[in-house]
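Chains as they are written, first to last, in our numbering: chain A, 56 to 284; chain B, 22 to 387. From the three backbone atoms N, C-alpha and C, an ideal C-beta is built for every residue, glycine too.
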Amino acid sequence: MALLELTDITKTFGAGDQRVEALRGVSMAVEAGEMVALVGPSGSGKSTLLAIIGALLTPTAGSMLIGGRDVATFDAGARTRYRRDQVGFVFQASNLVPFLTARENLLLVGEFGGADKGALRRRADELLKELGLTEAAGQAANRLSGGQRQRVAIARALMRDPLLILVDEPTASLDTTRGAQVVEALREEIHGRHKACVMVTHDLEMAARADRVLEIRDGLLRAHGAPVV
Amino acid sequence: MLAIREMARRRLQFGLVTGVVTLIAYLVLMVTGLGLGLNQAAGTALLALDGDYLAYSDRSNLSVIRSQLSEAQATDIATAPGVAASAPIGYVAAAIEFRPGEVDTGALLGIDLGAIAEPAVVEGRALTETDTRGLLVDRTWVSLTGTGIGDTLQVPVGLAFEPFEIVGVVDEGSFFFQPAMFMLRDTWRQISYRAVDQATPFASVVLLQGESLEGATGAGWEIVTKDTAFWNIEGVSAQQGTVDALRYMGLLIGAMVIGVFFYVITLQKVSLLGVLKAIGASGTYLTTQGLLQVFLVSLTGTALAAGLAVLTKATVLSSDAIPIAFTTGAILSSSVAVVVAGVVGALLSMRQISSIDPIIAMQQQQ
Numbered sequence: 056m057a058l059l060e061l062t063d064i065t066k067t068f069g070a071g072d073q074r075v076e077a078l079r080g081v082s083m084a085v086e087a088g089e090m091v092a093l094v095g096p097s098g099s100g101k102s103t104l105l106a107i108i109g110a111l112l113t114p115t116a117g118s119m120l121i122g123g124r125d126v127a128t129f130d131a132g133a134r135t136r137y138r139r140d141q142v143g144f145v146f147q148a149s150n151l152v153p154f155l156t157a158r159e160n161l162l163l164v165g166e167f168g169g170a171d172k173g174a175l176r177r178r179a180d181e182l183l184k185e186l187g188l189t190e191a192a193g194q195a196a197n198r199l200s201g202g203q204r205q206r207v208a209i210a211r212a213l214m215r216d217p218l219l220i221l222v223d224e225p226t227a228s229l230d231t232t233r234g235a236q237v238v239e240a241l242r243e244e245i246h247g248r249h250k251a252c253v254m255v256t257h258d259l260e261m262a263a264r265a266d267r268v269l270e271i272r273d274g275l276l277r278a279h280g281a282p283v284v
Numbered sequence: 022m023l024a025i026r027e028m029a030r031r032r033l034q035f036g037l038v039t040g041v042v043t044l045i046a047y048l049v050l051m052v053t054g055l056g057l058g059l060n061q062a063a064g065t066a067l068l069a070l071d072g073d074y075l076a077y078s079d080r081s082n083l084s085v086i087r088s089q090l091s092e093a094q095a096t097d098i099a100t101a102p103g104v105a106a107s108a109p110i111g112y113v114a115a116a117i118e119f120r121p122g123e124v125d126t127g128a129l130l131g132i133d134l135g136a137i138a139e140p141a142v143v144e145g146r147a148l149t150e151t152d153t154r155g156l157l158v159d160r161t162w163v164s165l166t167g168t169g170i171g172d173t174l175q176v177p178v179g180l181a182f183e184p185f186e187i188v189g190v191v192d193e194g195s196f197f198f199q200p201a202m203f204m205l206r207d208t209w210r211q212i213s214y215r216a217v218d219q220a221t222p223f224a225s226v227v228l229l230q231g232e233s234l235e236g237a238t239g240a241g242w243e244i245v246t247k248d249t250a251f252w253n254i255e256g257v258s259a260q261q262g263t264v265d266a267l268r269y270m271g272l273l274i275g276a277m278v279i280g281v282f283f284y285v286i287t288l289q290k291v292s293l294l295g296v297l298k299a300i301g302a303s304g305t306y307l308t309t310q311g312l313l314q315v316f317l318v319s320l321t322g323t324a325l326a327a328g329l330a331v332l333t334k335a336t337v338l339s340s341d342a343i344p345i346a347f348t349t350g351a352i353l354s355s356s357v358a359v360v361v362a363g364v365v366g367a368l369l370s371m372r373q374i375s376s377i378d379p380i381i382a383m384q385q386q387q
């Protein structure tokens, strides 16, 4: 059984003449330890799909099972706990808390509740080491380089040992070399820690580093299971 | 804690907010102190009287100035059911010349020796039957005017000024915003009415000790509590109303300023708060952090203001010329009011925080 399984997910915004169908019956599955890249032009629905998988949006119809539970039926509190405990986000601009150090950014997720803080401290040190951030651990996030920030964001996403990592344009603000390093670091963590990962990207070169590439266009998945590049 | 770390790392921003809260809290505390000082000036001597009730003539509208009681009425009051002890008191305001050409207004209070209205002497001696031209004068006034035991004050008796000697100093404060000066009640009658006979009022009011006397009435007199008597001193209620209005306006302005500051700070952090929600922070966690910041800023600002107010009183306003006073209770209650006003003012920001949609984490660029 796949770790993440989406069936006939649709998402409609607005009503009447303003009605927009962002997703039109998307079905897909992601296994644990698998990194899936989601590509497509702007407005194709890939970010909407990522937001639905991350419970930032609720689908208009369809089911989304993660670990056998249908996230689409969760109430607001359950969605918050789902994002906290089962999902790790890496955003386009890293979105770290600027006045906290790299290490504090990792430990911050422990403040949201439901975690053993001692274990989180050990995990933070372990992740900082794995991602080559030990020396940057005490630096404020707004003083880190773009690449370092994205690696801290990856570490933060892994802090609570989530089932699923969701990545939104992780290399958009990086040059090609640094972008490749970040995606490679992410890939290693996904495989090493046996997480499922969905990465939205415009960058086909970065997408090619994923295990599978899916293309979404006009709210429909066009290519499934085979790279499109 | 995220809230405390943010305050520690953004010291300038939060320092400025704290500075503004300090100024507002200082204003509120000073107004409170002024109100308290004015209240003390209005009637500490009345509140200090060793009794629980005061009897007035029933047509005086509870005014000590207008109240006039006859000897028969005073006797009637003293023997009313529930009265344990009584003391007739006369009151008149008079211009007191304490040095040639230097005049102040004093509250002359006529008392009977050995009665419950006789004040405790803190310096000098008590009045005796022979002190028909003797005075017990309030300590603050003695200090302000540089007078002392044995000094002579010129007090108007009829059309002439007569010398009165300060025989003792008391710590009774003021009466009707004037320094309290105690004299024998017979002397008070002479000063107030010149010719003393059966028709001359015996006292202005009667101080009473006893139980359940409030509301008791008799032939031309009525009894109220000392507290009621205080709030019926001419000008006290209006003055307190003005001071309260100033305090409430200060608190309102404080709430608005703190509210606006934190609303702006919240608006600046909308995207960051959205990200935190996206990665699992609950609305409760974030509003708690926000409220903690408001609470700490308000508390720090108020504590600084309290220190500043006490320092001001001890230095710039150390003389008793400006009636400003602080008590621990007044400082604490005003401080709590400022902190509460700050938290209430920031509720709009908390609503803003709880309404932030985490989807904005995916919609913004850095």
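Cut-off 8 Å between Cβ atoms - residues of its own chain near residue i, not counting five sequence neighbours on either side
i	result
A:L155	L163, A195 and A196
A:P96	R272
Reference residue i; option with closest CA among the options
i	options	result
A:V142	A:G173, A:E159 and A:I107	A:I107
A:K172	A:G80, A:E159 and A:V81	A:E159
A:D258	A:V238, A:I245 and A:R242	A:V238
B:Q289	B:G58, B:Q373 and B:G322	B:Q373
A:D63	A:D140, A:A87 and A:D125	A:D125
B:G241	B:P121, B:E123, B:D79 and B:A346	B:D79
A:A110	A:R211, A:A116, A:E89 and A:T135	A:T135
B:M371	B:F316, B:Q384 and B:T321	B:F316
A:K250	A:A212, A:E260 and A:A133	A:A212
A:R79	A:R215, A:G88, A:K66 and A:E86	A:K66
A:V207	A:P217, A:G193 and A:L218	A:G193
B:V318	B:L129, B:G366 and B:S354	B:G366
B:F347	B:V49, B:L234, B:L37 and B:F35	B:V49
B:L157	B:G275, B:A181 and B:M202	B:M202
B:G167	B:F119, B:D218 and B:A141	B:F119
B:G155	B:V245, B:R146 and B:V163	B:R146
B:F282	B:S84, B:L83 and B:V364	B:V364
Assumed close pair residue i, residue j - CB separation to whole angstroms, cut-off 8 Å
i	j	result
B:I254	B:A63	5 Å
A:I220	A:C252	4 Å
B:V190	B:I170	7 Å
B:D159	B:E186	Incorrect: roughly 16 Å between the Cβ atoms, too far for contact.
A:R138	B:G301	5 Å
B:A24	B:Q314	5 Å
B:L70	B:A351	Not a contact, Cβ separation roughly 22 Å.
B:A95	B:V227	6 Å
Local Cβ density within 10 Å of residue i, reported as buried at 16 or more and exposed below that
i	result
B:D152	buried
A:M119	buried
A:E243	exposed
A:Q73	exposed
B:M383	buried
B:E27	buried
B:M340	According to the sequence as given, residue 340 of chain B is Ser; it is not Met. Exposed, since its Cβ has fewer than 16 Cβ neighbours within 10 Å.
A:F68	exposed
B:P121	exposed
Close beta carbons around residue i, own chain, < 6 Å, minus the five adjacent residues each side
i	result
B:P379	G295, K298 and A299
B:S91	F223
A:T189	L183
B:G322	T39, V42, T43 and A46
B:S375	G304 and T308
B:Q260	L59
B:T173	P184 and E186
Contact check, residue i vs residue j, beta carbons under 7 Å
i	j	result
A:I271	A:S102	no
B:G401	B:E183	For residue 401 of chain B there is no data in the structure shown, the boundaries of chain B being 22 and 387.
B:G127	B:W209	no
B:A326	B:Y47	yes
B:A330	B:M51	yes
B:L369	B:G280	yes
B:G111	B:S195	no
B:A55	B:I274	What sits at residue 55 of chain B in the sequence shown is Leu, not Ala. Contact: no.
A:L175	A:I121	no
Proximal residues to residue i (C-beta, below 7 Å), its chain only, five neighbours per side dropped
i	result
A:Q236	G202
B:V178	Q211 and I212
B:S81	R87 and S88
A:A227	Q147
B:Q230	G72, D73, A105, A106 and I137
A:F129	A110 and Y137
A:M90	R242, I245, C252, M254, A265 and D266
B:F35	M28 and V318
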